[in-house]
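Protein sequence lines correspond, in order, to chains B and S.
Under the working numbering, residues -14 to 444 are what the first sequence spells out, in order.
Under the working numbering, residues -14 to 444 are what the second sequence spells out, in order.
So the structure is just underneath, and the comments pick up after that.
Protein chains: 2
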Amino acid sequence: MSPFTINPEDCLPIYQQLYRHIVREMSEGRLREGEKLPSKRALAAHLHVSQTTVENAYTMLVTEGYLIARTRSGYYAAHLEPLLQPIAKEEQTKVFIQAHFRTNAVDTTLFPYSAWARIQREVLHGSKELLNHGDVRGDSALREVLCKYLHEYRGAQCSPEQIVIGAGMEYLVGLICMLLGAQSVFGLEDPGYPKVRQIVHNHGRPAIPIPVRAQGMDLDALEHSGATVAYVTPSHQFPTGATMPIAARMRLLTWAHAQPERFIIEDDYDSEFRYLGKPIPSLQGLDAQGKVIYLGTFSRTLAPSIRIAYMILPEQLLQPYHEAFSLYASTVSRFEQQTLARFIADGHYTRHLNRVRSLYRRRKEYVVAALRASSIAQYLEILGENAGLHFLLRIHGLGNEAELMTRLRAAGIQVHSLREYTFDPKTYNEPPALVLGYAGLAEDEIDRSVDALGSAFNL
Amino acid sequence: MSPFTINPEDCLPIYQQLYRHIVREMSEGRLREGEKLPSKRALAAHLHVSQTTVENAYTMLVTEGYLIARTRSGYYAAHLEPLLQPIAKEEQTKVFIQAHFRTNAVDTTLFPYSAWARIQREVLHGSKELLNHGDVRGDSALREVLCKYLHEYRGAQCSPEQIVIGAGMEYLVGLICMLLGAQSVFGLEDPGYPKVRQIVHNHGRPAIPIPVRAQGMDLDALEHSGATVAYVTPSHQFPTGATMPIAARMRLLTWAHAQPERFIIEDDYDSEFRYLGKPIPSLQGLDAQGKVIYLGTFSRTLAPSIRIAYMILPEQLLQPYHEAFSLYASTVSRFEQQTLARFIADGHYTRHLNRVRSLYRRRKEYVVAALRASSIAQYLEILGENAGLHFLLRIHGLGNEAELMTRLRAAGIQVHSLREYTFDPKTYNEPPALVLGYAGLAEDEIDRSVDALGSAFNL
Chain B
-14 MSPFTINPED CLPIYQQLYR HIVREMSEGR LREGEKLPSK RALAAHLHVS QTTVENAYTM
46 LVTEGYLIAR TRSGYYAAHL EPLLQPIAKE EQTKVFIQAH FRTNAVDTTL FPYSAWARIQ
106 REVLHGSKEL LNHGDVRGDS ALREVLCKYL HEYRGAQCSP EQIVIGAGME YLVGLICMLL
166 GAQSVFGLED PGYPKVRQIV HNHGRPAIPI PVRAQGMDLD ALEHSGATVA YVTPSHQFPT
226 GATMPIAARM RLLTWAHAQP ERFIIEDDYD SEFRYLGKPI PSLQGLDAQG KVIYLGTFSR
286 TLAPSIRIAY MILPEQLLQP YHEAFSLYAS TVSRFEQQTL ARFIADGHYT RHLNRVRSLY
346 RRRKEYVVAA LRASSIAQYL EILGENAGLH FLLRIHGLGN EAELMTRLRA AGIQVHSLRE
406 YTFDPKTYNE PPALVLGYAG LAEDEIDRSV DALGSAFNL
Chain S
-14 MSPFTINPED CLPIYQQLYR HIVREMSEGR LREGEKLPSK RALAAHLHVS QTTVENAYTM
46 LVTEGYLIAR TRSGYYAAHL EPLLQPIAKE EQTKVFIQAH FRTNAVDTTL FPYSAWARIQ
106 REVLHGSKEL LNHGDVRGDS ALREVLCKYL HEYRGAQCSP EQIVIGAGME YLVGLICMLL
166 GAQSVFGLED PGYPKVRQIV HNHGRPAIPI PVRAQGMDLD ALEHSGATVA YVTPSHQFPT
226 GATMPIAARM RLLTWAHAQP ERFIIEDDYD SEFRYLGKPI PSLQGLDAQG KVIYLGTFSR
286 TLAPSIRIAY MILPEQLLQP YHEAFSLYAS TVSRFEQQTL ARFIADGHYT RHLNRVRSLY
346 RRRKEYVVAA LRASSIAQYL EILGENAGLH FLLRIHGLGN EAELMTRLRA AGIQVHSLRE
406 YTFDPKTYNE PPALVLGYAG LAEDEIDRSV DALGSAFNL
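This is how it looks when you write it as structure tokens:
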């Protein structure tokens, strides 16, 4: 590794400079797999900085997979597959990034600051009772307005008693894993959410990959898989963008009805953003036998940092839920629950949704138009663009997936390929495709990003 | 069951009137174990109310164990052991309650409204970046101030990298269960937190009861138990109030150091409220080998509804943590994390702690004095009153535990007995003791509550 010197002119903190230096050393081959790094103490002494500074850089590198920490031994450079080089965080390598199509960003300028701040203030001063423990399922005010909202907009059939509020999908999916018991076997969409795989694995439940086709999860494959729980994203499959048509929905319900231990987890994460055609009713609303656990979140419609998600439990799971979690406390601050409840009840939420939906639709049209006018337009195929905050971009005739991703990364374009969302990326051999998130990009950033995409191929 | 009629004069909502009616029918023997209740539909039609109203009452009764719901059959009166009759919620039976010594309440008038509201407003308007996803461990600003605070006040030895913020103890203990793997066996304090037992059980890990003595967890028993993880509340054992002395702490650490798979979970929940003597250093700060997972929360010092807890992970668990939870998002809203971070950094938190500590000390002295001046003073022994927000009240010579609790309940006194916190209440045969929480009671409420206690015995 070449020596690192602190640049006092650099606006980045020292630990980020050090982080960047080590990433560069690794990607340019001067720090190779298995090489040991200087100890935190030695490097800190050498640079005249605190040990915490070095530690911050090292821990960030470990977190992102660049380094491996061996207990009581030290830090070593990790093996980096050319294709699987971790993507550095935006703020840490700002200088190099030409485009960043994040799938989990939203446009933060759309956040309804003034209404939110006003309601938040009223709630804080409104009731001292809000400082004590509330219902484990969440405050009844929020469960009631949510119930009404979900009935009106998603055709959900439920009572407020069936709604459970939780601090994010991870938490609720964890509760579901515990609720459905150790015998349950999860059938997960492939490609799909790596996060869901991680949660199911952490709870010690088996996860079986079920291929995703043009109509969503392959129901023949599900039928033969031995899975007892199907986790699906029927409104806008993540990441392919497929929408499950009504016939397939009915067939999936029939699958669940056939065995008492079978359940469906309907992750309706992007249903608010449908740009074309009528929304298809939720599985939950179609189900007459209490087999669907419905999941939703405010991460995409309000902001990812507002940690409020919810689920609808079927009636038959209410008693097991109360038995298993009677002593738990809700994971969401009651201030935020009450703020959100009033925000919805006063009509701000539907107005906000209408506003952001039409804005995101225009933005989506803008990206699609920019891609169709770009220098590589003839190589591109756009899929799943009628809903959600991302779409799939298949790229034909510009090389195989490995070549493509190497080229994009070298050009400073941060984007995930569809392959990265599969259970077994090694055996993936579909045509290369990118998962393009655009919600966090303003129009001028879209122009620049699409230009950068073309330039990456010298086209 | 005698017929129920809606009382339009009653300020309680109809579903709560119905709830109260059924509880009364059961406790007075007019509705017996196994009897079927009218269907929701029939009762709603009979009373000319919506089905949801009846449903709300029934669900509340199921939740609290009065009724049993049988799928596709209906609702049945449950078996109520005279001693284990669920305690009705305060607001639902307000008219009957003479005293309520809750252990999980705090004095909500102490909440630092103005500072919190000001910082909250500044944070909301301060940075749009806060709307996007942050670090899974929690915002670094909060982890940094917490690290400093825990070092100064609890002698903790850690870097901000080791701190993980989570939405409540339940969530963090759940993460620990997953982190320590399926082979771990939990040794839990007996008596102790029923909640911890529930969490460990929900994660499918075995839990072994370890008796609690005057010095906290019985370390001989732990040694012979086969447990690999010891969950302890050393500052102020819940619920006995025992403090683990330094020699026992060192011995517990030695136990953990003896085997690689052994860990200690130090739940330091009440350490902020020590009224006498110097605080004993945390186990975490005494441990040189990375065997202690330290847990803390703001539920008791700020408010139970602020769902922010934290843990310090030993360095050797950082890599497993990042592997298991790399794709999770933090469970706490970034707005609240940043508000709390500034609240601590600006010195509000330590000022607030000093204020509430001295107020709770005076309140504790007031309760103790009231008990010592009460008509039943000669029967009482107070234990564990030098720390925390509850103490133990042993009652000698006023009957056995069953008689005592029946009498208290009949007199409208809501209080938990020590027996309710044991693994096996049936075999419990220590002298009767009450777990008396006083933090939520003002002085006049204390007077009334202690009077009611005396009156319950006609003394």
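Glycine included, C-beta positions come from ideal geometry on N, C-alpha and C.
Quantities reported herein were computed from a predicted structural model and do not represent experimental measurements.
With the rule of 3 Cβ pairs closer than 8 Å, the region 278 to 286 of chain B counts as touching the region 250 to 258 of chain B. Remark: three or more beta-carbon pairs, one from each stretch, lie closer than 8 Å, so the region 324 to 331 of chain B and the region 121 to 133 of chain B are flagged as touching. It is roughly 39 Å from the alpha-carbon of D203 of chain B to the alpha-carbon of P97 of chain B.
At least one CB atom of chain S sits nearer than 8 Å to the CB of S144 of chain B. Under the Cβ distance rule, H118 of chain B counts among the residues neighbouring chain S, one pair being separated by less than 8 Å. Taken in chain order, the unbroken stretches of beta strand (DSSP E) that lie wholly in the region 89 to 171 of chain S and span 3 residues or more are 148 to 151. Between G151 of chain S and T316 of chain S, the gap from beta carbon to beta carbon is short of 8 Å. Scanning its chain for C-beta atoms nearer than 8 Å, with the 5 sequence neighbours on each side dropped, one finds around D436 of chain S the residues S359, in chain order. Within the region 386 to 442 of chain B, the complete beta strand (DSSP E) segments of 3 residues or longer fall at 418 to 422, listed in chain order. When the beta-carbon positions are compared, L303 of chain S and E146 of chain S come within less than 8 Å of each other.
Taking 8 Å as the threshold, the shortest C-beta distance from N385 of chain S to chain B does not fall below it. For Y178 of chain S, the closest C-alpha among the options S:L22, S:R292 and S:V197 is that of S:V197. Scanning chain S for C-beta atoms nearer than 9 Å to the C-beta of T56 of chain B yields G275, E300, Q301 and Q304, reported in chain order. Comparing C-alpha distances from L421 of chain B to each of B:I367, B:R234, B:S112 and B:L444 shows the shortest one belongs to B:I367. The beta carbon of F408 of chain B sits no closer than 8 Å to any beta carbon of chain S.
Under the three-state reduction of DSSP, K21 of chain S is assigned to strand. Taking the Cα of S402 of chain B as reference, the smallest distance to any Cα among B:L374, B:P224, B:L383 and B:P23 is reached at B:P224. For R327 of chain S, the enclosing alpha helix (DSSP H) covers residues R319 to A330. Under a criterion of Cβ atoms nearer than 7 Å, the residues of chain B adjacent to G153 of chain S are, in order, A314 and T316. With contacts defined by Cβ atoms closer than 8 Å, L116 of chain B and S290 of chain S form a contacting pair.
Within chain B, no C-beta atom comes nearer than 7 Å to that of I297 of chain S; the closest sits roughly 14 Å away. Identification of residues in the region 187 to 208 of chain S having a C-beta nearer than 8 Å to some C-beta of chain B yields N187, H188 and G189, given in sequence order. In chain order, Y351 place their CB closer than 7 Å to the CB of E428 of chain B, counting only its own chain and leaving out the 5 sequence neighbours on each side.
Assignment of V34 of chain S by DSSP, reduced to helix, strand and coil, places it in the coil class.
Residue burial annotation: S343 of chain S is exposed, with fewer than 16 other C-beta atoms found within 10 angstroms of its C-beta. For A215 of chain S, DSSP records a beta bridge to S:G172 and S:I249. The beta carbon of M163 of chain B sits closer than 8 Å to some beta carbon of chain S. In the DSSP assignment, Y61 of chain B falls within the beta strand (DSSP E) that extends over G59 to A62. Taking 8 Å as the cut-off between beta carbons, the residues of the region 317 to 332 of chain S near chain B are V317, S318, R319, F320 and E321, in sequence order. In this structure, B:P305 is the residue among B:H31, B:E40, B:I361 and B:P305 with its C-alpha nearest to the C-alpha of G166 of chain B. When CB distances to chain S are screened at a threshold of 7 Å, not a single residue of the region 373 to 384 of chain B falls below it.
Of all residues in the region 83 to 99 of chain S, those with a C-beta nearer than 8 Å to a C-beta of chain B are N89, A90, V91, T93, T94, F96 and Y98, reading in chain order.
Residue environment for L444 of chain S: exposed (fewer than 16 other C-beta atoms within 10 angstroms of its C-beta).
Ranked by Cα distance from Q200 of chain B, the first of B:S210, B:Q168, B:A233 and B:R190 is B:A233. Q244 of chain S counts as exposed, since fewer than 16 other C-beta atoms from the protein chains shown sit within 10 angstroms of its C-beta. Contact between the region 44 to 64 of chain B and the region 408 to 421 of chain B is absent: fewer than 3 CB-CB pairs across the two stretches fall below 8 Å.
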